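Here's the structure, in structure tokens; my notes come after.
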Amino acid sequence: MEAFLDYAWLVPVLPLLSAALIARFGKLLPGGGSEIGIAAVGASLVISLGIAWHTFMQGSPEPFERSLEWSPLGGGFIFELGMLVDGLTAMMFVLVGVVSLMVHIYSREYMHGEERFTYFYAMLSLFTFSMLLLVIANNTLQAVIGWELVGLCSYLLIGFYWEEKSNQDAANKAFLTTKFGDVGLIVGVIVLSAGMFELTDTPFNIGQTIDAAVGGQLSETTIVLGMLLIFLGCVSKSGQMPLHVWLPDAMAGPTPVSALIHAATMVTAGIFLLARLFPVVAQSATVMAVIAVVGVITLFFGGLLALVQDDIKKVLAYSTVSQLGYMMAAIGVGGYTAAIFHLFTHGFFKALLFLGSGSLIHAVHSNNMSDMGGMRKAMPWTYVTFVIGSLALAGFPLTAGFFSKDEILIAGEIWAGYGFATGNLVYYVGLAAAFVTTFYMARAVFLIFFGENRSHHAPHESGAQMVAPLVVLAVLSIASGYLFSPFSGDERNFEQWTATPVIEEGVFPFVDAGTALGTGTVASAPVVLAAAGDGSILHGPPKWHPDLLAIVLVLFGAAVALAWRLYGRQFPRPDPTSQMGVFTRVLDNKYGFDEAGYRFVVVPVRDHLSRWATWSSNVVIDGMVAGTGRSVRSLAEATYRVVDQKVIDGSVNGAAFSAAWWSERLKRMQTGDVQRYLGALVAGVIVLVLAIVAASGN
Amino acid sequence: MNPVGPLLLAALLFCIGVYGIIARRNAVLVLISVEMMLNAVNINLVTFQNLLYPDDPLVSGQMFALFIIAVAAAEVGVGLAIVFNLFRNRASIDVDDVDLMRW
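Going down the list, the protein sequences come from chains A and B. Note that our numbering has the first sequence beginning at 104, numbered continuously upward. Note that our numbering has the second sequence beginning at 1373, numbered continuously upward.
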């Protein structure tokens, strides 16, 4: 198993190769290139599983780091292209590999007959490669490269149906919104490296940055400024408010792409990067508070938006925004394990839900839940798996979502125990949002699968290639939770797997361990705090919290009952969620973010900045270029006229003319009169003799 | 023996010959002028033989003079032949008319 680590670089390289091969040879193959993609991602997944097994059995080993060093700038600065393999990397490998493989298999049927089928598969593989490049990065510059490639691939895939203007707009919106945050990311990475230049030749190395931050070698300003800027990048990429606006519009892409974006390869990037740099984040209470507040706002208000959506994919999109808010909030309250555990489980059940919705859309040719209904009988496999995914998303006990989401709430509780208000915020708002989540997922399930069929098609179950991924993901949506549950061991569990030695020994420097105990508000908190009262980041495998379990169950039951009452028997017209007055209007307007963004960003940029830019480009820059051209041209013409025509040609012609002129005159000496020649000869001799006499006389 | 008389005679003959060649238009007279110059040289040769090497048993100066007389005879033969042909072609022996080699 050790040997797998040496080949970890193959994990991202195989999808890259596959993308190139599909792009070149895909059209020649019977499967349109899909078989290359499936084989490459499958092989990549096998290696990932080997690495995962190895790291899991070791339990927080030293990270395995290898890199190619390149020194283009000199001056002691070395740019690395490397890999950093530890539990976190292995976890992401497995998540990306599984989801990507499922999406590859699923798309064979879903995208069957598409005009750009081969292009689609090449892009899927490239997308997978980009994310894996980011995941495996051992330095922040490489991570930025992967990050930007992810943005590019998402742009290309969201705009896959580019024949429609709205899809192009969605792709542009996604690209520009995430680009806005990327600027912050790049500046943040540079700020963070600024302090490292004095310490090492490889200032962008993640491991060294973490060591320097934990060792107090980086100044407070560097950490706060750098991490907040990087967090800005994560806000845009991971769909946190207010930069979440691109995520629902990204539904314009094909449904398998939505699954990939929402589960594995795009929105998880921000959470992953913060998790990777978590020991740096943990150095500053300010940064953590900002992250927690943004996360809490997102998890609550993002979830509310899902209530009024009719498009099933938009419901899932807003639920992703909300779940990402949970993860972000967990990072903000010190729940490193909780955040990435939720990332892990959420990846499986969100991919399942998206693929399930794709199966439904495939059957009824509409995204709208008002066009579905009664699908339970026609599509049993989709029904069962979709319900499992919904239960996991809602956090029903004993599903993966239950363990991971409750881990986040517990993390908030522990944080509150340390005396931070954000901890209580995460706990209570998280519980409230869980109610909202359960309600809108129950609404979706009832609208889609119960009542009478409102579609204009006779729905049918999808084929094996679409159902098999659903089943695999449904199993994982339950099973993955048991990696870190009261049933998992003390040594071999998700926390130990994804912890590095730095995190294992790490404590929050701003937490006063001795005085913070016992201020938790839930009865179970002291039990938790007993294990974690020293301010350390890890706190062991979870235990049962009957009180929390009871609250969750009550909320779940209440939400499902409410949804059943409103939607259970038939589709109510008008929809009750559209009958809430001001509240509905606010949600329908998406809190005015799109409107405000349009009015205060798009319009000024389009009508003023871009005009000005066009003017400066057309008049100033083009003028400079054209002016340079014109002056060079007139200079050349002057040179031609004066130097070439007058001087060079003049001298050549002049030489010829003067030769002709002189020869015209000198030829007259050639008279043919021998006597004249002889006379000249004699005269010459006389002159010579006289000259010699005169010369010798002196 | 005083060389002044023969040398002056030779110089006079030579100068007359040069003048004749340059100035005369009649080709025959030009040839005669050439003969005069050759004979001026002959006088010089004989004079300097007697002046400088009076005891030379080979009397090379006189011998050279004899050679020159022979060559001059041949030369006059060739020259008169040219003049003869000239006259046959042009009905004139005026050297100014012979300007085929002009520009």
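Positions of the beta carbon are idealized from the N, C-alpha and C atoms, including for glycine. A quick note: this is a predicted structure, and the numbers were derived from the prediction, not measured.
| Item | Value |
| --- | --- |
| DSSP-derived helix/strand/coil call for A/Glu-266 | coil |
| Residues near B/Pro-1378 in its chain [Cβ-Cβ closer than 6 Å; skip 5 each side] | Ile-1415, Thr-1419 |
| Buried versus exposed call for B/Asn-1411 [16 or more other C-beta atoms within 10 Å across all chains shown] | buried |
| Contact set between B/Leu-1472 and chain A, taken where Cβ atoms lie within less than 8 Å | Gly-775 |
| C-alpha distance - A/Leu-427 paired with A/Ala-536, whole-angstrom precision | 12 Å |
| Nonlocal neighbours in the same chain, by C-beta distance under 7 Å from B/Gly-1433, ignoring five residues either side | Leu-1417, Val-1418, Phe-1420, Gln-1421 |
| Nonlocal neighbours in the same chain, by C-beta distance under 8 Å from A/Gly-492, ignoring five residues either side | Phe-452, Lys-453, Leu-455, Leu-456, Gly-459, Leu-576, Ala-577, Ser-580 |
| Contact set between A/Arg-771 and chain B, taken where Cβ atoms lie within less than 8 Å | Trp-1475 |
| A/Gly-775 beta carbon less than 7 Å from that of B/Met-1473 | yes |
| Cβ neighbour criterion (16 or more within 10 Å) applied to A/Val-247 | buried |
| Cα-Cα separation between A/Ser-322 and A/Ser-341, rounded to whole angstroms | 27 Å |
| Beta-carbon separation (whole angstroms), A/Tyr-213 vs A/Met-569, contact threshold 8 Å | 6 Å |
| Residues bridged to A/Val-188 [DSSP beta-bridge criterion] | A/Phe-167 |
| Buried/exposed call for B/Asn-1313, threshold 16 Cβ in 10 Å | Outside the modelled stretch of chain B, which goes from 1373 to 1475, sits residue 1313 of chain B, for which no answer is possible. |
| Start-to-end residues for the alpha helix (DSSP H) that takes in A/Gly-428 | 415–435 |
| According to DSSP, residues forming a beta bridge with A/Glu-172 | A/Glu-183 |
| Beta-carbon proximity check, A/Trp-856 vs A/Val-436, cutoff 7 Å | What the structure shows of chain A is the stretch from 104 to 801, and residue 856 of chain A is not part of that stretch, so it cannot be assessed. |
| Nearest neighbour of A/Glu-594, chosen from A/Gln-161, A/Ala-111, A/Glu-138, A/Leu-120 [CA to CA] | A/Gln-161 |
| Proximal residues of chain B, C-beta to C-beta of A/Val-785 below 8 Å | Val-1390, Ile-1394 |
| Whole-Å CB distance - A/Glu-183 paired with A/Asn-308, under 8 Å assumed | 7 Å |
| Residue burial classification, B/Ile-1425 (beta-carbon count within 10 angstroms, cutoff 16) | Note that residue 1425 of chain B is Tyr in the sequence shown, not Ile. Counting Cβ neighbours within 10 Å, B/Tyr-1425 comes out exposed, since fewer than 16 surround it. |
| C-beta neighbour in chain B for A/Leu-781, strict 7 Å | yes |
| Cβ-Cβ distance between A/Ala-392 and A/Thr-525 below 7 Å | yes |
| A/Asp-776 (DSSP reduced to helix, strand or coil) | coil |
| Residue range of the unbroken alpha helix (DSSP H) whose run includes B/Asn-1457 | 1432–1462 |
| Touch test, the region 295–305 of chain A against the region 344–355 of chain A, Cβ-Cβ under 8 Å, three pairs minimum | no |
| Within 7 Å, strictly: CB atoms of A/Asn-241 and A/Gly-185 | yes |
| Which residues DSSP lists as bridging B/Val-1466, in chain order | Inspection of the sequence shows that residue 1466 of chain B is occupied by Asp rather than by Val. Looking at the DSSP assignment, B/Asp-1466 forms a beta bridge with B/Asn-1398. |
| A/Lys-417 burial status per 10 Å Cβ neighbour count (16 or more: buried) | buried |
| Where A/Asn-556 sits in the DSSP three-state scheme | coil |
| Option in A/Thr-540, A/Asp-314, A/Leu-259, A/Val-399 with minimal Cα separation from A/Val-663 | A/Thr-540 |
| Residues from the region 728–759 of chain A in contact with chain B, defined by Cβ distance under 9 Å | none |
| Span of the alpha helix (DSSP H) around A/His-563 | Neither: A/His-563 is in no alpha helix (DSSP H) and is coded neither H nor E. |
| Proximal residues of chain A, C-beta to C-beta of B/Asp-1468 below 9 Å | Asp-776, Gln-778 |
| Rounded separation between A/Ala-388 and A/Phe-613 - CA only | 7 Å |
| Cα-Cα separation between A/Asp-710 and A/Val-704, rounded to whole angstroms | 10 Å |
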